[in-house]
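Residues in the sequence shown are numbered consecutively from 653, following my numbering.
Input: a single structure, listed below in structure tokens.
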Amino acid sequence: MQWKHLPIVALDTETTGFEPFADDRMIEFAAVVFSWDDDGRIVTEDHSWLLNPQIPIPRKVTELTGIADRDVAGAPLFAEVAEEIHSLLRNAVTVAHNFPFDLNFMVAEFERVGMMWPYPVAEIDTLELSKKHFPEAPKHKLSDMSKRLDVVLEGAHRATNDAEACGRCFVELVRRHDVEDDLQALLEWAEGIGRPPGGGPIALHEGVGLEFVEGQHANSLIGEHPIELAWMAKARVRHDNGWQWRYPESTRQWIRRWLRVRGTGVAIQSKKSFRAEDWVLDSCNSVEAP
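Printed below as a string of structure tokens:
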């Protein structure tokens, strides 16, 4: 699949705090859509909303963002714009700086209105790109990355400004590294996450999420069983001509990338051999004391 024919959506959120699954809420969401015109020039289209969080905005947040309670008093609830945001992201290459932060707030907001994160074609974190391509840099904030790439960032800590700077940093890195117009090549270069390979042991089910389709955890969300994922990345089966991988390289590569980017870290650190007995018990499993 050629990714440059897809919309590139750089997104950012402003929030009341740092706890998306507790009491904090989004107060602003922005998505800047990047595309190439026929002459190879970048064209952008902005989408942004102030959102009513239905809770007071802390003073520190107002000082940082300039967004006060009075600004969001008449703003829509997330539920009123959720479908539009979902449609923007669903078939896009999505980009964010510190993607897990924005992702967790988006997931929580979608869940509250009975919707699922749209699982875009690709999810790419420019924070990780900064660490990868500027390993000696002392800081990797969006403002620091923007300076290194000669990208203008005015009015930081407002969602539209941050999203546009993030997207332009991504586009500039892609240009400098001459990334191939192939989705898998992009994901490998950016260490991003795409949708799982079709016909494999993991599938994206509408309204549910990423699930195992076989084995002891069939119909369970993959995020609940990182140890199973780690096993799948290493699993082999014996044939007449010797040991072979149980799953194709495309599946194993997807799992390894998912564990690096979205996994808890537990499974990644578990260094196990291919011996069956090494996979019987795991120190992460607890048992009830008699």
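Each residue gets a CB set at the ideal place from its N, CA and C atoms; glycine is no exception.
All values reported here derive from a predicted model rather than from experimental measurement.
Rounded C-alpha distance that separates residue i from residue j
i      : j      : result
LYS784 : HIS829 : 12 Å
THR632 : ASN871 : Past the edges of the chain, shown from 653 to 942, lies residue 632, and the structure says nothing about it.
GLU666 : ALA811 : 6 Å
SER782 : ASN813 : 18 Å
MET797 : ASP664 : 16 Å
VAL918 : ARG693 : With a pLDDT of 36 at VAL918, under the threshold of 50, the modelled position of this residue cannot be trusted; read the value that follows with caution. Rounded to the nearest angstrom, the two C-alpha atoms are 43 Å apart.
HIS877 : VAL747 : 26 Å
ALA837 : TRP655 : 9 Å
LEU911 : ASP754 : 18 Å
TRP841 : LEU835 : 10 Å
ALA731 : GLU671 : 19 Å
ALA725 : ILE719 : 11 Å
ARG677 : PHE757 : 7 Å
PRO770 : ARG764 : 14 Å
LEU716 : ARG722 : 16 Å
ALA734 : GLY894 : 52 Å
TRP906 : GLY915 : 12 Å
GLY875 : ALA882 : 11 Å
HIS850 : PRO752 : It should be pointed out that residue 850 corresponds to Gly in this sequence rather than to His. Computed Cα separation, rounded: 25 Å.
GLY819 : LYS886 : 35 Å
PRO710 : PRO659 : 35 Å
PHE762 : ARG909 : 24 Å
Beta-carbon proximity list for residue i, same chain, < 6 Å, skipping 5 on both sides
i      : result
GLU697 : VAL685
GLU880 : HIS869
Assumed close pair residue i, residue j - CB separation to whole angstroms, cut-off 8 Å
i      : j      : result
GLU843 : VAL913 : 7 Å
LEU740 : ALA683 : 5 Å
ALA760 : PHE673 : 5 Å
GLY846 : THR903 : With 8 Å as the limit, GLY846 and THR903 do not qualify as a contact, their Cβ atoms being about 12 Å apart.
LEU801 : LEU825 : 7 Å
Cβ neighbour criterion (16 or more within 10 Å) applied to residue i
i      : result
ASP691 : exposed
HIS657 : exposed
ARG827 : exposed
MET653 : exposed
ALA789 : exposed
GLU780 : buried
LEU805 : buried
ILE707 : exposed
HIS891 : exposed
HIS857 : exposed
Beta-carbon proximity list for residue i, same chain, < 8 Å, skipping 5 on both sides
i      : result
PRO772 : VAL661, LEU741, ARG742, ASN743, ALA744, VAL745 and THR746
Cβ shell of residue i (< 7 Å), same chain only, five flanking positions each side left out
i      : result
LEU873 : GLY861, LEU862 and GLU863
ASP855 : The amino acid at residue 855 is misidentified as Asp; the sequence shows Ala. The answer, listed in chain order, is PRO848, GLU863 and VAL865.
GLY807 : ASN813
VAL823 : PHE686 and ILE694
Could you tell me which uninterrupted alpha helix (DSSP H) segments, each at least 4 residues in length, are contained entirely in the region 730-786, listed from first to last along the chain? 730-742, 751-764 and 778-785
Whole beta strand (DSSP E) elements within the region 835-901, 3-residue minimum: 854-857, 861-864, 888-891 and 894-897
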